[in-house]
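Quick note: to get the numbering used here, add 283 to the position in the sequence shown (first position is 1). Every residue gets a Cβ at the ideal spot worked out from N, C-alpha and C, and that includes glycine.
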Amino acid sequence: MLSKSWGSTATAMMWTLRAEGRLFHSGLPHKGINSLEMGMEAVNYVQSQFYKDFPAGDIRLTPFYDAETCLEKVKGYVETLNNGEERGERVGPEGEGGERERVCVFISISDLSLLPTRGPCSKYTLDIPEGIACNLDSKGFHRLNDATKEVLGESKPYSICGSLPLVGDLQRAGFDIQVCGYGHSSVYHGDNEYCSLSAMQAAMKILSSLLDKFN
284 MLSKSWGSTA TAMMWTLRAE GRLFHSGLPH KGINSLEMGM EAVNYVQSQF YKDFPAGDIR
344 LTPFYDAETC LEKVKGYVET LNNGEERGER VGPEGEGGER ERVCVFISIS DLSLLPTRGP
404 CSKYTLDIPE GIACNLDSKG FHRLNDATKE VLGESKPYSI CGSLPLVGDL QRAGFDIQVC
464 GYGHSSVYHG DNEYCSLSAM QAAMKILSSL LDKFN
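Listed below in structure tokens is the structure:
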């Protein structure tokens, strides 16, 4: 066989994009940013812009692109993202006021374990932590609710999501579990979280009243 000569060759430019999300409490997922989804959104933008600026085509017709020019363009795309000139979709769980953080996504993976294995040497392993739900019909809840009304004048129980495995263990062991807090929910698990002495004083009165109700 006659060997065919190469008219030209091409290569690939390697680049790495690091996405830094934001950790937050599992009970307030709308305040966190999933770094994986954030990276996917960014790569989607970078790729779409890249192919607009450097369209593919027939090698005989498409001009050759300078490697340094291509890299500088990619740097520019990332700079645009960091400057907030291009924003990802607001997706993910909503907060109480309907707000959503940019590129905040918690993906449903309940069906992932049903996917086939990729080969004889690998398989999918899925760990799903359990959440808990307080019993709103228990004596503990009603007495805590009444004690709160006595001290604060009102009680507004509400629920958030989250996983508390040790608390869940206590609940399964037969304990009446109620979760309550008396700080400021606006700064809960936020930077420089704080509470007021007056709120802590009210909390002690509520707990004291609760104990009296069980005596």
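The alpha helix (DSSP H) enclosing residue i, as first and last residue numbers
i: Gln-461; result: First-last for Gln-461: undefined, no H or E at that position.
i: Asp-429; result: 422-435
i: Leu-364; result: 350-365
i: Gly-451; result: 448-455
i: Met-483; result: 480-497
CB contact flag (residue i, residue j, <7 angstroms)
i: Ile-443; j: Gly-315; result: no
i: Gln-332; j: Tyr-360; result: yes
i: Gly-436; j: Gln-461; result: no
i: Asn-428; j: Ser-421; result: no
i: Asp-336; j: Lys-356; result: yes
i: Gly-304; j: Ser-318; result: yes
i: His-313; j: His-472; result: no
i: Ala-350; j: Gly-322; result: no
Beta-ladder partner(s) of residue i, from DSSP
i: Arg-305; result: Ile-316
Assigned exposure category for residue i - 16 Cβ within 10 Å defines buried
i: Glu-320; result: buried
i: Thr-352; result: exposed
i: Glu-324; result: buried
i: Leu-419; result: exposed
i: Leu-493; result: buried
i: His-425; result: exposed
i: Thr-431; result: buried
i: Pro-448; result: exposed
i: Leu-354; result: exposed
i: Leu-364; result: buried
i: Pro-399; result: The predicted model places Pro-399 with a pLDDT of 47, which falls under 50 and marks its position as unreliable; any figure quoted below should be read in that light. Exposed, because fewer than 16 other Cβ atoms sit within 10 Å of the Cβ of Pro-399.
i: Cys-404; result: With a pLDDT of only 43 at Cys-404, under 50, the local geometry of the prediction cannot be trusted, and the value read off the model is given with reservation. Classification for Cys-404: exposed.
Assumed close pair residue i, residue j - CB separation to whole angstroms, cut-off 8 angstroms
i: Val-434; j: Lys-496; result: Their Cβ separation, rounded to whole angstroms, is 12 angstroms, which puts Val-434 and Lys-496 out of contact at 8 angstroms.
i: Ala-482; j: Gly-457; result: Going by Cβ atoms, the distance from Ala-482 to Gly-457 rounds to 31 angstroms, so no, they are not a contact pair.
i: Gly-451; j: Ile-415; result: 4 angstroms
i: Leu-300; j: Val-326; result: 6 angstroms
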